[in-house]
Amino acid sequence: MKPSLVILSFMVPIIIFSTLLPSLTDAAGGRWQLLQRSIGVSAMHMQLLNNDRVVVFDRTDFGASNLSLPAGKCPQNSKDCTAHSAEYDVATNTFRPLLLQTNVLCSSGAVKEDGTLIQTGGSFEGERRVRLFKPCSDNTCDWNELNLALAKGRWYSSDHILPDGRLIILGGRAQFNYEFYPKDVDNKVYDLPFLAETNDNGIENNLYPFLFLNVDGNLFVFANNRAILLDYVKNQVVKTYPPIPGGEPRSYPSSGSAVLLPLKNIQAKNVEAEVLVCGGAPKGSFTQALNGKFLPALETCARIKITDPQPNWVVENMPSARVMGDMTLLPNGNVLIINGGGAGTASWELGRDPVLTPVIYRPGNKIGSSFELQNPATIPRMYHSTAVLLRDGRILVGGSNPHSGYEFTGVLYPTELSLEAFSPSYLDNPNLRPRIVLPASQTKLKYSQRFSVRFRLTGKLDPNSLSTTMVSPSFTTHAFSMNQRLLVLPTIGKVKYLGKSTYQVDAVTPSSGILAPSGYYLLFVVHREIPSQGIWVHIN
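Count the sequence shown with mature numbering (1 follows the signal peptide of the UniProt record, and there is no 0) and you get residues -27 to -1, 1 to 513, in order.
Have a look at this one:
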């Protein structure tokens, strides 16, 4: 017998709107670098692993890709012996093919505690598959596929790692429910009526819901234009948030994006958590685009303190409208908004007007002065494009294929097999970057552990502008970076000067898996908003 569904409704609070135009810096920042003209597959999905390699894949039924599998390797029951997945080595700027047996189109994923990528669902024969990729250093690792490992077909679902190490898989096409991996003993599926309620007459607009683990251990779930707080243990909705102002949809295929803003003061009794949702497409955009009319995308961002007893949305305008944009947390706590289009919607051939100019959002700035324009790209990144943070502080950007196959000529937006790196302006002067000396990368830490970070810094230290941050690498697809999380670690005492431009700061890890689920994180020292190169740490 399933637990009863309890919904605690709240009065709709006052909504604060900002009609101010965003204040932009006079000079754009950031640099673009083409890394690979072609890796043979389009980066529809990307995940950085703790060996500094990125797993990339698209779908297995595109037809032959531009990357051959090794001799003798071929999917079962298939004549297509090309790869639809690749492993990109950041350090050497090289890549190698990986073998997928079943279709991973529009799937989801997360990284488990030991660093293994868990990839769930897909389309057709891949809907109930779980695929595991355990990183290695000798180029021998490949996908391991588990048949019928999911209770339901998961296509366009979202995943999140939980404090107990399990993975929750929520939603998907015609799936108004969630389940866990590893599966319950009885293979249980839990109904979530909220997903049915946010399904817009078959157009949906509730696929790839935005999921964030709240600081109380419950799960924030945003779909369409609404959000709830879900106690997934008791299968109870414990809070219903007011609809996003304007009521326009933000999740797939309207495809805005969202992040959990950096968690600060994590030793406080009541830690605040805030979610930012940006862009999307107006109601009716999907139907209109099918008929050849491409409505302008949404130009608003809205943020809400999800821990407030009576939360309100605060709204401001982006420099330009954007749909299918990716939002990436930078090591200094700012948010990069990159990729996407200015009109239309997600899905095959339905996006228009590429937005080439990234923007940086500064959460600490006043409303109306949060955005900074960056230098524009030259390659349109439309439907099926991705972006992930790398350990060196760059953003790896790839993908863009609005077609149901590989199309390189005679189309508005050709299939993109390239990889680029976007370097934010904090990388402009390498001499100003802190450099972590200790601990070594791959250091193991425990919860509530005090540890020392030793770093070198050229120039005068400003202790008031120094911080230590910890970032979880995301699984990015379809304008949403799953499991993305940044914590500002508490520091103890004063920064010590050790001589020879070397300093030491003592920091404390988060207190539990609710704040930071067990696994691998990137640790950065940030000075005057300039981050060091990250090191890998493992918290358990």
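We put the beta carbon where it would ideally sit given N, CA and C, even for glycine.
> By the 10 Å Cβ neighbour count, where 16 or more other Cβ atoms means buried, how is Asn23 classified, buried or exposed?
Replying inline: Locating residue 23 in the sequence shown gives position 50, counting from the first residue. Buried is the call here.
>> Tell me the rounded alpha-carbon separation between Leu389 and Trp5.
In response: Against the sequence shown, residue 389 aligns to sequence position 416. Against the sequence shown, residue 5 aligns to sequence position 32. The amino acid at residue 389 is misidentified as Leu; the sequence shows Glu. Between Glu389 and Trp5, the C-alpha separation is close to 16 Å.
> Since Cys54 and Leu71 are thought to touch, with beta carbons under 8 Å apart, how far apart are those beta carbons, to the nearest angstrom?
Replying inline: Here residue 54 corresponds to residue number 81 of the sequence shown, with the count starting at 1. Here residue 71 corresponds to residue number 98 of the sequence shown, with the count starting at 1. Cys54 to Leu71, Cβ: 13 Å. No contact.
> To which residues of the same chain is Leu405 closer than 6 Å at the C-beta, ignoring the five residues directly before and after it?
Replying inline: Within the sequence shown, the letter at position 432 stands for residue 405. Here the set comprises Ile503.
> Roughly how many angstroms lie between the CA atoms of Pro353 and Gly486, to the nearest whole one?
Replying inline: Taking the first residue of the sequence shown as 1, we reach residue 353 at position 380. Taking the first residue of the sequence shown as 1, we reach residue 486 at position 513. Straight-line Cα distance between these residues: approximately 39 Å.
> In the structure shown, what three-state DSSP assignment does Ser342 receive?
Replying inline: Translated into the one-based positions of the sequence shown, residue 342 becomes position 369. DSSP places Ser342 in coil when its eight states are reduced to three.
>> Using a Cβ distance threshold of 8 Å, determine whether the segment 249 to 258 contacts the segment 271 to 279, with at least three qualifying pairs required.
In response: yes
> Does the distance from the CB of Tyr129 to the CB of Gly145 come in under 7 Å?
Replying inline: Within the sequence shown, numbered from 1, the residue matching residue 129 stands at position 156. Within the sequence shown, numbered from 1, the residue matching residue 145 stands at position 172. In this structure, Gly145 lies closer than 7 Å to Tyr129 by Cβ.
>> For Asn179 and Asn198, what's the separation of their Cα atoms in angstroms?
In response: Sequence index remark: in the sequence shown, residue 179 carries index 206 (1-based). Sequence index remark: in the sequence shown, residue 198 carries index 225 (1-based). Cα-Cα distance, rounded: 8 Å.
> From Val63 to Leu495, what does the alpha carbon distance come to, in whole angstroms?
Replying inline: If you number the sequence shown from 1, residue 63 lands on position 90. If you number the sequence shown from 1, residue 495 lands on position 522. Their Cα atoms are separated by approximately 15 Å.
>> With a threshold of 6 Å on Cβ separation, who are the neighbours of residue 530 within its own chain once the five nearest residues in sequence on each side are excluded?
In response: With the chain covering only -27 through 513, there is no way to say anything about residue 530.
>> In whole angstroms, give me the CA-to-CA distance for Ile512 and Val461.
In response: Counting from 1 along the sequence shown, the entry for residue 512 is found at position 539. Counting from 1 along the sequence shown, the entry for residue 461 is found at position 488. The alpha-carbon atoms of Ile512 and Val461 are separated by roughly 15 Å.
>> Spatial neighbours of Leu439 within its chain, please: C-beta separation below 6 Å, excluding the five flanking residues on both sides.
In response: Residue numbering aside, residue 439 sits at position 466 when the sequence shown is read from its first letter. Around Leu439: His500.
>> Just to confirm before moving on: does the CB-CB distance between Thr318 and Ser373 stay below 7 Å?
In response: In the sequence shown, counting from the first residue as 1, residue 318 sits at position 345. In the sequence shown, counting from the first residue as 1, residue 373 sits at position 400. No. Outside cutoff.
> What residue from Leu488, Phe497, Thr416 and Pro336 has the CA that sits closest to Ile409's CA?
Replying inline: The residue labelled residue 409 in the question sits at position 436 within the sequence shown. Taking only the C-alpha atoms, the option nearest Ile409 is Phe497.
> Can Gly94 and Arg127 be called in contact, C-beta distance under 7 Å?
Replying inline: Within the sequence shown, residue 94 is the residue found at index 121, counting from 1. Within the sequence shown, residue 127 is the residue found at index 154, counting from 1. For Gly94 and Arg127, yes; Cβs fall inside 7 Å.
>> Given this structure, state the Cα-to-Cα distance separating Asn117 from Lys278, to the nearest angstrom.
In response: Here residue 117 is taken as the residue at index 144 of the sequence shown, counted from 1. Here residue 278 is taken as the residue at index 305 of the sequence shown, counted from 1. In a straight line, the C-alpha of Asn117 is about 40 Å away from that of Lys278.
> How is Asn50 classed by DSSP in three states: helix, strand or coil?
Replying inline: Residue mapping note: residue 50 aligns to position 77 of the sequence shown, counting from 1. Note: Asn50 maps to coil in three-state DSSP.
> Do the segment 358 to 366 and the segment 293 to 310 touch if we need at least three Cβ pairs shorter than 8 Å?
Replying inline: yes
> So, is Asp132 buried or exposed, given that buried needs 16 or more other C-beta atoms within 10 angstroms?
Replying inline: Along the sequence shown, one-based indexing puts residue 132 at 159. Counting Cβ neighbours within 10 Å, Asp132 comes out buried, since at least 16 surround it.
> Would Gly432 be called buried (16 or more neighbouring beta carbons within 10 Å of its own) or exposed?
Replying inline: Your numbering for residue 432 matches position 459 in the sequence shown. Exposed: under 16 other Cβ atoms inside 10 Å.
> Who does Lys278 pair with in a DSSP beta bridge?
Replying inline: Against the sequence shown, residue 278 aligns to sequence position 305. Paired residues: Glu247.
> If we call anything under 7 Å between Cβ atoms a contact, is Arg429 one with Ser474?
Replying inline: Numbered from its first residue, the sequence shown carries residue 429 at position 456. Numbered from its first residue, the sequence shown carries residue 474 at position 501. Yes. Within cutoff.
> So, helix, strand or coil for Ser398, using DSSP?
Replying inline: The residue you call residue 398 lines up with position 425 of the sequence shown. Three-state DSSP puts Ser398 in a helix.
>> On the criterion of 16 or more Cβ atoms from any shown chain inside 10 Å, does Ile311 qualify as buried, or is it exposed?
In response: Here residue 311 refers to the residue found at position 338 of the sequence shown. Classification for Ile311: buried.
> Which of the three DSSP states, helix, strand or coil, is assigned to Thr318?
Replying inline: Stepping through the sequence shown from its first residue, residue 318 is reached at position 345. DSSP places Thr318 in coil when its eight states are reduced to three.
> If we ignore side chains and look at the alpha-carbon of each, how far apart do Gly190 and Gly229 end up?
Replying inline: Reading the sequence shown from its first residue, position 217 is the one you call residue 190. Reading the sequence shown from its first residue, position 256 is the one you call residue 229. Distance between the alpha carbons of Gly190 and Gly229: 25 Å.
> Among residues of its own chain, excluding the 5 on either side of Gly306, which ones have a beta-carbon nearer than 6 Å to its beta-carbon?
Replying inline: One-based indexing of the sequence shown puts residue 306 at position 333. Taken in chain order, the residues that qualify are Pro235.
> alpha helix (DSSP H) containing Leu263: first to last residue?
Replying inline: Taking the first residue of the sequence shown as position 1, residue 263 is located at position 290. Where Leu263 is concerned, the enclosing alpha helix (DSSP H) stretches over Ser258 to Leu263.
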